[in-house]
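Worksheet: one structure, shown below.
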Amino acid sequence: MSVTVLYFAALKEAAGTTQETLPLPESLPALYAALRARYGFAYEPAALRVALNGAFADWTDTVRAGDAVAFIPPVSGG
Amino acid sequence: MRFSVTESAIDAAACRAGLDDPRCGAYAAFEGWVRDHHDGRAVEGLHYDCYPALAGSEGEAILAEALARFDILDARCVHRIGDCAIGDMAVWVGVTAAHRDAAFAACRWIIDEVKARVPIWKRERYAGGEARWK
Numbered sequence: 018m019s020v021t022v023l024y025f026a027a028l029k030e031a032a033g034t035t036q037e038t039l040p041l042p043e044s045l046p047a048l049y050a051a052l053r054a055r056y057g058f059a060y061e062p063a064a065l066r067v068a069l070n071g072a073f074a075d076w077t078d079t080v081r082a083g084d085a086v087a088f089i090p091p092v093s094g095g
Numbered sequence: 016m017r018f019s020v021t022e023s024a025i026d027a028a029a030c031r032a033g034l035d036d037p038r039c040g041a042y043a044a045f046e047g048w049v050r051d052h053h054d055g056r057a058v059e060g061l062h063y064d065c066y067p068a069l070a071g072s073e074g075e076a077i078l079a080e081a082l083a084r085f086d087i088l089d090a091r092c093v094h095r096i097g098d099c100a101i102g103d104m105a106v107w108v109g110v111t112a113a114h115r116d117a118a119f120a121a122c123r124w125i126i127d128e129v130k131a132r133v134p135i136w137k138r139e140r141y142a143g144g145e146a147r148w149k
């Protein structure tokens, strides 16, 4: 019962890794809050989007065992 | 596949050749280049991070939306990822249409949507050694 969390950009730098496997969380907001406490992420949750298994998702979506979760900082391509 | 990311230099001529179409009377393109300054600071280079699966699906969605929204024949976009030097092409957008109005409008719309929606992040390296995610 675990999920894979993928890190990008400033979150990758703060976490010091590109991905890790973690126990299945209660919810996406709970997962981000725990990771923010651990790594000191600067972003408020409202500044981020969330993706599940390579597609944009909602913060209220259910997270399931085996999911790949990514928190998406404001983008800056182009 | 209309949207792609690449770790190699973007070959705009090759990209354009992929749009050849005898119905086309207009071609509009946008090239974004890596510049040597940002907000008054000297920039020495930059790095683009990317979530490839999500960038691909979001980029394809933008180009499909452009084809539905504008009277155009085709549209493509290539975005560079990884390390880039000053002067490198960071992004290329190409649009073909029967007439120029739609080609210009769609090209402008696509680059704006790509910058706002595609999960690619820029890390600028400044003179003096500091670097910052934008």
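Sequence order for the protein chains is U and B. Using this note's numbering, the first residue of the first sequence is number 18, and each one after it goes up by one. Using this note's numbering, the first residue of the second sequence is number 16, and each one after it goes up by one. Built from N, CA and C at the ideal position, the CB exists for glycine as well.
Distance cutoff 7 Å, beta carbons only. Does residue i sit that close to anything in chain B?
i, result
"G57(U)", "no"
"S93(U)", "yes"
"F88(U)", "no"
"G83(U)", "no"
"G71(U)", "yes"
"A31(U)", "no"
"A68(U)", "yes"
Since I believe residue j is in contact with residue i (beta carbons under 8 Å), could you give me their beta-carbon distance rounded to a whole number of angstroms?
i, j, result
"L45(U)", "V86(U)", "7 Å"
"A150(B)", "L88(B)", "No information on residue 150(B) is available, as it lies outside the stretch 16 to 149 that chain B covers here."
"L101(U)", "V80(U)", "Coverage of chain U is limited to positions 18 through 95, which leaves residue 101(U) absent and any answer about it impossible."
"Y56(U)", "A32(U)", "5 Å"
Are there 16 or more other CB atoms within 10 angstroms of the CB of residue i, so buried, or fewer, so exposed?
i, result
"H94(B)", "buried"
"T38(U)", "exposed"
"D64(B)", "buried"
"W48(B)", "exposed"
"P67(B)", "exposed"
"G74(B)", "buried"
"D98(B)", "exposed"
"D84(U)", "buried"
"A72(U)", "exposed"
"G95(U)", "buried"
"A28(B)", "exposed"
"E128(B)", "buried"
"A70(B)", "buried"
Excluding sequence positions up to five away, which residues of its chain have a Cβ less than 7 Å from the Cβ of residue i?
i, result
"A68(U)", "A74, A87 and I89"
"R38(B)", "L88 and A113"
"N70(U)", "D84 and A85"
"R56(B)", "Y141"
"K29(U)", "T35"
"R118(B)", "The residue asked about is misnamed: residue 118(B) is Ala in this sequence, not Arg. Same-chain partners within the cutoff: A41, Y42, A43, I87, V110, T111 and A112."
Would a check of beta-carbon distances place residue i closer than 7 Å to chain U?
i, result
"L69(B)", "yes"
"P37(B)", "no"
"D51(B)", "no"
"H62(B)", "no"
"I77(B)", "no"
Please list, in chain order, all residues of the same chain as residue i whose beta carbon is under 8 Å from its beta carbon, the five residues on each side excluded.
i, result
"R50(B)", "V58 and I101"
"A82(U)", "M18, S19, V20 and L41"
"T34(U)", "Y24"
"L78(B)", "R17, F18, A90, R91, C92 and I125"
"W136(B)", "Y63, D64, C65, W148 and K149"
For residue i, which of helix, strand or coil comes out of DSSP?
i, result
"D127(B)", "helix"
"A142(B)", "coil"
"F119(B)", "helix"
"K149(B)", "coil"
By Cβ distance, which residues of its chain are closer than 6 Å to residue i, with the 5 residues on each side in sequence left out?
i, result
"E46(B)", "M104 and W107"
"R115(B)", "A41"
"A27(U)", "P90"
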